[in-house]
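Q: First the structure, then my questions, so here it is.
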DNA sequence: AGTAATCAGGACCATTTTAGTACCTTTTGC
DNA sequence: GCAAAAGGTACTAAAATGGTCCTGATTACT
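Residue numbers (the working numbering), protein chains in the order written: chain P, 12 to 171; chain C, 12 to 171.
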């Protein structure tokens with residue numbers, strides 16, 4: 012688990028390079044050369060990161076990419092969201108409590124809750140921490156609400 | 012991320028069923044019928060779980076499977092290990108610090124450390140918790156050592 | 001002993017995902 | 001206008017995944 016694709020790793024690498032020189036623009040070719048990735052691949056990744064709002068781009072000649080925000084304001088969760096897309100562990104296609112394998116729903120949702128808890132914790136890990144700078148902040152993952160569903164913390168998330 | 016394969020979900024489901032009737036033997040066909048899975052698939056999963064030591068099997072006629080240990084002594088980490096296998100985020104094929112893309116190693120290892128931290132936390136979630144019984148224990152994931160490798164908390168984990 | 005039930009271990013194939021590439025369009029500086 | 005550079009889409013090869021099947025080994029029951 013927590014398997015992440017190569018592209019996510021590459022993407023993080025690109026972000027790391029971008030976070031080095033904060034203000035400057037870098038072309039896709041430049042980034043490709045410095046990361047050792049192929050130009051098409053780097054370009055593809057940069058497009059994805061741009062769509063996710065993690066990098067900003069300037070088009071046209073003399074254009075390029077740069078980090079949309081300082082590296083310590085970008086969370087690991089955002090990076091993953093951008094590069095892996097929204098992930099569901101197991102989709103219960105027929106809606107809650109309505110599928111043929113009812114207990115599978117329950118089990119699946121247990122993993123789901125754990126997943127959410129981890130994701131929430133990853134929000135507290137910044138790109139800056141990820142890319143090397145040690146000793147900035149110490150996040151904590153609380154699996155309590157993940158494992159004990161009966162205690163509903165309403166108002167914690169958007170759905171109320 | 013934290014995408015887990017269908018088989019892992021199915022496997023958890025099987026373990027959940029097995030944890031219901033603790034002492035009894037269940038045949039693969041029986042489990043398949045009760046979980047709604049195909050017999051070959053359930054059988055395959057049970058073999059995997061058996062190899063991992065999570066279930067024990069009795070061969071021959073009147074044989075079957077049962078949980079190797081009580082459900083609260085099986086951790087979610089073990090379940091994942093068994094069904095997903097050992098996972099490496101990105102394998103630096105040429106050994107530490109020796110690859111062409113050196114910074115990729117660094118970034119990769121950051122994700123790796125986070126992965127390890129999550130896995131460690133998952134050791135504190137039991138199968139019993141996963142399969143429904145609410146309110147048993149409240150684990151906590153500490154990403155500290157994951158992000159800040161220099162500060163070694165010896166004695167914090169199992170080594171005491 | 002014979003037979004049927006049942007697990008063990010692979011081998012195999014279809015489908016889906018992933019990774020990488022290519023091509024064409026749009027924007028902008030010179 | 002031309003060249004540089006991002007934006008978008010589509011395609012292909014390779015790998016992982018999910019599922020099935022077959023053959024052999026082990027054991028209970030008759």
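Where a beta carbon is used, it is the ideal one built from N, C-alpha and C, also for glycine. Small disclaimer: the values here were computed from a predicted structure and weren't measured.
1. At the level of alpha carbons, what is the spacing between residue 23 of chain P and residue 90 of chain P?
2. Going straight from the alpha carbon of residue 68 of chain P to that of residue 43 of chain P, what length do you get?
3. For the beta strand (DSSP E) holding residue 75 of chain P, just list the boundary residues, first then last.
4. Quick check on the burial criterion: 16 or more other C-beta atoms within 10 angstroms. Buried or exposed for residue 30 of chain P?
5. On the CB-based measure, 16 or more other CB atoms within 10 Å of its CB, does residue 40 of chain C come out buried or exposed?
6. Does residue 35 of chain C get closer than 8 Å to chain P when you measure Cβ to Cβ?
7. Beta-carbon within less than 7 Å of residue 20 of chain C's beta-carbon, same chain only, minus the 5 sequence neighbours each way: which residues are those?
8. Suppose the cutoff is 7 Å on Cβ atoms and the five residues either side in sequence are ignored; what does the same chain contact list for residue 56 of chain C look like?
9. Give the secondary structure of residue 54 of chain C by DSSP, where H, G and I count as helix, E and B as strand, and everything else as coil.
10. Tell me the DSSP secondary structure of residue 19 of chain C in three-state form.
11. In or out: residue 73 of chain P buried (at least 16 other Cβ within 10 Å) or exposed?
12. Is the distance from the Cβ of residue 94 of chain P to the Cβ of residue 59 of chain P below 8 Å?
13. Can you find a C-beta in chain P that's less than 8 Å from the C-beta of residue 66 of chain C?
14. Look up residue 46 of chain P in the DSSP assignment and say whether it is helix, strand or coil.
15. Nearest chain P C-beta to residue 85 of chain C closer than 8 Å, yes or no?
16. Cα separation between residue 54 of chain P and residue 136 of chain C?
17. Using DSSP with H/G/I as helix, E/B as strand and the rest coil, what is residue 142 of chain C?
18. If contact means a Cβ-Cβ distance below 7 Å, which residues of the segment 42–63 of chain C contact chain P?
19. Might you give, ordered along the chain, the residues of its own chain that have their beta carbon closer than 6 Å to the beta carbon of residue 76 of chain C, omitting 5 neighbours on each side?
20. Are the beta-carbon atoms belonging to residue 28 of chain P and residue 14 of chain P less than 8 Å from one another?
21. How is the alpha helix (DSSP H) around residue 90 of chain C delimited, first residue to last?
22. Anything in chain C within Cβ reach of residue 69 of chain P, meaning under 8 Å, just list it in chain order.
23. Can residue 82 of chain C and residue 139 of chain C be called in contact, C-beta distance under 8 Å?
24. Start and end of the beta strand (DSSP E) containing residue 68 of chain P?
25. Can you check whether the CB of residue 96 of chain C is closer than 8 Å to the CB of residue 79 of chain C?
26. Among C:92, C:127, C:49 and C:134, which has the Cα closest to the Cα of residue 61 of chain C?
27. Since residue 141 of chain C contacts residue 121 of chain P with CB under 8 Å, what's their CB separation in whole angstroms?
28. In the structure shown, what three-state DSSP assignment does residue 30 of chain P receive?
29. What is the rounded straight-line gap between the Cα of residue 134 of chain C and the Cα of residue 84 of chain C?
A: Let me lay it out:
1. Cα to Cα, residue 23 of chain P sits roughly 7 Å from residue 90 of chain P.
2. So the two alpha carbons sit approximately 16 Å from each other.
3. Segment 75–78, the beta strand (DSSP E) holding residue 75 of chain P.
4. Counting Cβ neighbours within 10 Å, residue 30 of chain P comes out buried, since at least 16 surround it.
5. Exposed, by the Cβ-count rule.
6. Residue-level contact by beta carbon fails for residue 35 of chain C and chain P, as no gap is shorter than 8 Å.
7. Sequence-distant partners of residue 20 of chain C (beyond 5 residues in either direction) whose C-beta falls short of 7 Å from its own C-beta are missing from its chain.
8. Only 18, 21, 22 and 25 meet the Cβ criterion.
9. Annotated three-state conformation of residue 54 of chain C is helix, per DSSP.
10. Three-state DSSP puts residue 19 of chain C in a helix.
11. Classification for residue 73 of chain P: exposed.
12. Taking 8 Å as the Cβ cut-off, residue 94 of chain P and residue 59 of chain P qualify as a contacting pair.
13. Not an interface residue.
14. Looking at residue 46 of chain P - three-state DSSP - the assignment turns out to be helix.
15. Not closer than 8 Å to any Cβ of chain P, the Cβ of residue 85 of chain C fails to qualify, so no.
16. Looking at the two C-alpha atoms, the distance is approximately 41 Å.
17. It is coil, neither helix nor strand.
18. Closer than 7 Å at the C-beta level to chain P, one finds these residues of the segment 42–63 of chain C: 46 and 47.
19. In the same chain as residue 76 of chain C, and ignoring 5 residues on each side of it, the C-beta atoms closer than 6 Å to its own belong to 37, 57, 66 and 68, in chain order.
20. No, these two residues do not count as a Cβ contact at 8 Å.
21. Segment 87–95, the alpha helix (DSSP H) holding residue 90 of chain C.
22. Neighbours of residue 69 of chain P in chain C, taken as residues whose beta carbon is under 8 Å from its own, are absent, since the nearest beta carbon is some 24 Å off.
23. Taking a C-beta distance under 8 Å as the contact criterion, residue 82 of chain C and residue 139 of chain C qualify as a contact pair.
24. Secondary structure note for residue 68 of chain P: its beta strand (DSSP E) is the uninterrupted segment 66–69.
25. No; because the gap between Cβ atoms is not below 8 Å, this pair is not in contact.
26. Distances from the CA of residue 61 of chain C to each of C:92, C:127, C:49 and C:134 were compared; the closest alpha carbon is that of C:92.
27. With 8 Å as the limit, residue 141 of chain C and residue 121 of chain P qualify as a contact, their Cβ atoms being about 5 Å apart.
28. DSSP places residue 30 of chain P within a helical segment (H, G or I) once states are collapsed to three.
29. Approximately 10 Å, taken between the alpha carbons.
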